[in-house]
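Residue numbers (full-length UniProt numbering): 1 to 943.
Working notes for the structure below.
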Ligand code: AMP
């Protein structure tokens, strides 16, 4: 289609009466989103020297005009007069005005007054200059059409258009949203900001309320500062607008129907949020400043503590939860997401508007830490979406002592990473609390309308150092000179309300005094707090509290039920075309269910899930490739070979069964594991499993293992029944795919914090998984799960083992040896057992017993003692492991074994056999691997 633009207009002239605003509208739409205009128009606009692709570059307008002139000259037939007027001087200027409007929408934020300190250095933005668009002050009084602007009238003088654009896009709010490709979202934002010029008129009562919340924010810090001078509290001073912001966010969320709001935040401002938003009793906080012990366990510092309460909103009671977090910044964000998803799942809310996640970040960490990107990446995926997160950056423009932009980041804003998910970003001046309130409302409404992430960048400052004991002027001299003379946000706002006659100076003073008095009396100071909360809004954890570690667990299942479930989990809809090998696996499973074939790992594991579902426990499994299983053993999600649809038989066992969710994760360990921790600490009744592709990939999530999974119960009293399946085993795959770094987990074990198990049979994994959830004890379970054992001919069991058995922390000698004959005892864990067993058979050694320790922590000392009691003639005992001797269980578990041997026969000495000490977990050469394996197995059996 080669029609010129003029011809296109000609064609449409009868529709639009030659009204050029049609073209203007089209052109503007095209500038925002080329795909939103018809192809014929897009091609024509593409030919213009300045197209949507380069609109932000500095290109003068004359070439466009020339292009228009050339097009009209080449025209083959006469155009009607109205259409020909496009080349009139006014029409040309009209198009330039439209382009200028677009420039303000795209780049207005770059000159917005967002820094309360007025120190932020901004590059000049030529597109916002009249001259750049070949307009001038002489055009100020000329009326122009407003195009798609939501300013009200259809036309206005240039002067007023520019003034309104400045108010909307360059005052206290700088908005980045033109990177969003969805036109509807962009129009939504414009329709909210432009009519009110980003500054809606507030009622006097609302303004007084904002001042009251600012007074609370400032009042608490002042009070703590004088009562506990020098104590670390990571005060919010400089960012006090956070409190009215959160207050509005929660109240509005409640009004819109939310039932829960879950907040994650780092240290700064946390105490203020807990007291002024959550309603934590100030006297409890004072107790913490005075070092009072509240937990029987190790506890944590006050600015890491979480909290729960209910507040009243115009839409009813809302439950608030503040996540506990370690000092490792940002890692709490995916934990919050997991907790929110769990709550949404509990409420069967697939959209996500009943529970709102709020992540509060610091500017330096938000720009610096990779988990932020991982968390954004999860935000729209099936497994991890939560209907949009409200991200709030407390941007105090300095990270501890690093403030130079060229040191702190390479991006323009600390929030730029959010653009990867096309989140709108509202930069707002923290000293304009009304603007903060406005963007808070926008952010929440955007989130609820589009169920996507949104960012509020609260640009503020830090009145003191990184903490209260720090002197900041040594490293930030100019900034702190300004901060010293900067009036507080409350002072500035109080003055504004006094100047505008909303309040008197006395009223403001009274507000301050009333707050201080309430604090001194130890009263709650969060006005919306509900003192007798509706407990139905959150999970009752009482059944899970107070259980001590025990090996006891009844995990048996009626054999008829097992067979019935085994059949059901092999059913597919009529005509569902299954791939050949997968079909074979399911055919085998049917035989296993019928008792006609020995049970393998994949069947036992999936049957364990079926039994849990039948008993009312939802199951959630995520991780890389979990649907199939990295090593093709699970096939829980089956793919139709003709239309690629997926079917998950475990979701179709019964109409009223609980959820069975299994999702392949995106390629993240850190955020994903943190998410599952958040999920598991919120849903005690659900079996929550994260499986690593290879066990050593858990390295990428070490912070979650160290700071949440292994220590959360003891630091914060938060129970967690998460299961981690970590494929582990030395099979010649080289340094990276052999070890799940068992030694690291064992080194973290103390106070019965986690369970570390190395099951070697299908029956063991069946009962271990069932044990994890059928009893009320909630402890993280770390499983060194197998790779080659998944298909090992000897690693099988019978239906009876599943029906009648239990998880054996120790498995005694499998053969019928005469105990009196046994001279040597080999202790081991994991797949090396089968190598040892087969070598012993080859050598026909009847005086060597092999005992498997299937649970390494808590270590089953008593059970091991009972198992070996019959070997009264032992002469040697050896621990055999596949791992190098500086790795594996040797260092962390040998004292338990020695302890048992000491009781059994004090003269026995425990030897260790394994690969030589090594820096890497395994060798890269298969020949060396085989040689090492031979050697360690021989040495263990023969001595
Ligand atoms: P939340 O919904 O997170 O605010 O939790 C509500 C209440 O349940 C908390 O105040 C705790 O008493 C309890 N609770 C929540 N999570 C856990 C957990 N993981 N372990 C023990 N108790 C919990």
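For glycine and all other residues, C-beta sits at the position ideal for the given N, C-alpha and C.
Everything numeric in this text was worked out from a predicted model, so none of it was measured.
Which residue marks the beginning of the beta strand (DSSP E) containing residue i, and which one marks its end?
i	result
residue 726	723-727
residue 311	307-313
residue 917	Here residue 917 belongs to no beta strand (DSSP E), and DSSP marks it neither H nor E.
residue 265	260-265
residue 321	316-322
residue 380	Premise fails: residue 380 is in no beta strand (DSSP E) and is neither H nor E.
residue 228	First-last for residue 228: undefined, no H or E at that position.
residue 157	155-157
residue 143	143-145
So what does residue i bridge to, in DSSP terms?
i	result
residue 457	393, 427
residue 664	623
residue 785	727
residue 825	849, 877
residue 691	623, 725
residue 399	402
residue 857	756
residue 646	639
residue 417	None, per the DSSP bridge assignment.
residue 797	599
residue 884	915
Which residue comes first and which comes last in the alpha helix (DSSP H) that contains residue i?
i	result
residue 334	332-346
residue 944	Shown here, the chain extends from 1 to 943; a query on residue 944 therefore has no answer.
residue 188	183-193
residue 174	Taken as a continuous stretch (DSSP letters only), residue 174 belongs to no alpha helix (DSSP H), being part of the beta strand (DSSP E) at 173-176.
residue 866	861-868
residue 518	505-520
residue 285	282-289
residue 113	Note, residue 113: premise wrong, no alpha helix (DSSP H); not H, not E.
residue 807	No alpha helix (DSSP H) contains residue 807, which DSSP labels as neither H nor E.
residue 90	89-107
residue 720	First-last for residue 720: undefined, no H or E at that position.
residue 675	670-680
residue 439	433-450
residue 250	242-255
residue 841	832-843
residue 949	Given a span of 1 to 943 for the chain in the structure shown, any question on residue 949 remains unanswerable.
residue 477	477-485
residue 232	No alpha helix (DSSP H) contains residue 232, which DSSP labels as neither H nor E.
residue 568	559-568
residue 329	Where residue 329 is concerned, there is no enclosing alpha helix (DSSP H), given that its DSSP letter is neither H nor E.
If we call anything under 8 Å between Cβ atoms a contact, is residue i one with residue j?
i	j	result
residue 558	residue 620	no
residue 782	residue 726	yes
residue 128	residue 107	yes
residue 320	residue 508	no
residue 806	residue 767	yes
residue 876	residue 853	no
residue 857	residue 693	no
residue 599	residue 908	no
residue 884	residue 460	no
residue 924	residue 735	yes
residue 331	residue 680	no
residue 690	residue 672	yes
residue 238	residue 462	yes
residue 458	residue 245	yes
residue 323	residue 376	no
residue 27	residue 109	no
Contact criterion: CB-CB distance below 8 Å. Does residue i meet it with respect to chain C?
i	result
residue 192	As a matter of chain content, chain C is missing from the structure shown, which is built from one protein chain.
- With distances taken from each beta carbon to the nearest heavy atom of the ligand AMP, which residues come in below 5 Å, in chain order? 308, 321, 538, 541, 681, 718, 719
**Item:** In chain order, each beta strand (DSSP E) run of at least 3 residues that lies wholly inside the stretch 578-643
**Value:** 619-623
- Task: List in chain order: all unbroken alpha helix (DSSP H) runs of 4+ residues lying wholly within the stretch 731-794.
- Result: 742-747, 762-774
- request: Report the residue ranges of all alpha helix (DSSP H) runs contained in full by the stretch 889-939; include only those spanning at least 4 residues, in chain order.
  value: Runs of the alpha helix (DSSP H) lying entirely within the stretch 889-939, each at least 4 residues long, are 890-904 in chain order.
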